[in-house]
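Have a look at the structure below before the remarks.
In the numbering used here, the protein residues as written are 586 to 903.
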């Protein structure tokens, strides 16, 4: 074989090898870049607020699903996202319900993440990446540090989650609201009253209470310490059940619209309007609903609302 041809073949092989190596490096870098969701420019609160905006009057959109899909659309560059794009995508998770299963009186249906990805024309690789990003967001919220599945907070939430969901089925009280109230009023289940009496909400033992009671010191509105009687429960679930009965039987809360709300933000405002708490800021403004909303968003409790609503739509709750 002539030397020129040999040199040509050798050069061609080297070029092919170089191109192959470049391609391998490109694919490797591409996969490394998009393997995990990019949290550098990611702001969870922006997705939470927009998802809540889309949800009001309808059903609870899962903000993490919106974020995971946008992570794929914008190739992990969340600076390309805007409130408008977030809202447009959030709205894709909602449609008029023409199906067999409904969430109470709602005229809407929540679409699954798979349904939305199908509508967007996602291919298998894009679906895989979106689902991976969703996993990456499992313990992500508005707090600087990530939540942990083994934390005291997560364990407390999980310990009362099912009973809180039952409250939505029976009375329409959103589980996010019940859990947030329990967190605020029991200090994550670690208050003396909760430890000794399983009383999560500080409900007193008035003359109508026929069960066991416990005497404990408490502060009145003028911060004066007095001794009062509080209800004792066998377990935390009994406390939750009694709390929602307390709300339901009190005409103040029906009058403020607590049981006609379609979203947790509406409901915490209605509970505050009904006079549940006297908490105020230094300006004398009521802040109880704001405190509850912050807790709900910090610990992704609105996703428990999403879960119970999806249980209706999939026929798990009838």
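All C-beta atoms, glycine included, are put in the ideal place defined by N, C-alpha and C.
Asked, Found
"From 640, 675 and 643, pick the residue whose C-alpha is nearest to that of residue 652; which is it?", "675"
"Which full runs of the alpha helix (DSSP H) of 4+ residues lie inside the region 804–842, going along the chain?", "821–834 and 836–840"
"Classify residue 693 as helix, strand or coil using the three-state DSSP reduction.", "strand"
"With a floor of 4 residues, list each alpha helix (DSSP H) that falls wholly inside the region 863–887, ordered by position along the chain.", "873–883"
"Thinking residue 721 and residue 622 are a contact (beta carbons under 8 Å), I'd like their distance in whole angstroms, please.", "4 Å"
"Span of the alpha helix (DSSP H) holding residue 719?", "709–721"
"On the premise that residue 880 lies in contact with residue 765, defined as a C-beta separation below 8 Å, what is that separation, rounded to the nearest angstrom?", "4 Å"
"So, for residue 883: in the same chain, excluding its five sequence neighbours on each side, which residues have a beta-carbon less than 8 Å away from its beta-carbon?", "726, 727 and 728"
"Taking C-beta to C-beta, are residue 635 and residue 671 nearer than 7 Å?", "yes"
"Round the Cβ separation of residue 789 and residue 826 to the nearest angstrom and send it over; I've been treating them as touching at under 8 Å.", "With 8 Å as the limit, residue 789 and residue 826 do not qualify as a contact, their Cβ atoms being about 17 Å apart."
"Could you name the residues of the same chain whose beta carbon sits closer than 6 Å to that of residue 626, not counting the 5 residues immediately before and after it, in chain order?", "663 and 664"
"Near residue 824, what residues of its chain come up, given a Cβ to Cβ distance below 7 Å and the 5 sequence neighbours on each side ignored?", "783, 784, 785, 786 and 818"
"Could you tell me the boundaries of the beta strand (DSSP E) in which residue 680 lies?", "679–681"
"Tell me the DSSP bridge mates of residue 801?", "813"
"Below 7 Å CB to CB, which residues in the same chain sit around residue 759 once its five sequence neighbours on both sides are set aside?", "753, 849, 852 and 890"
"Of the residues 842, 858, 629 and 863, which one's Cα is nearest the Cα of residue 731?", "629"
"CB residue 847 to CB residue 684, shorter than 7 Å?", "no"
"Exposed or buried, which one is residue 780 when buried takes at least 16 other CB atoms within 10 Å?", "exposed"
"Helix, strand or coil for residue 789? Go by DSSP, reduced to three states.", "strand"
"Alpha helix (DSSP H) containing residue 858: first to last residue?", "849–858"
"Beta carbon of residue 676: closer than 6 Å to some heavy atom of the ligand GTP?", "The model on display carries no ligand, and the ligand GTP is accordingly not part of it."
"Identify whether residue 844 lies in helix, strand or coil by the three-state DSSP scheme.", "helix"
"Got a sec, what are the start and stop residues for the alpha helix (DSSP H) residue 638 sits in?", "629–640"
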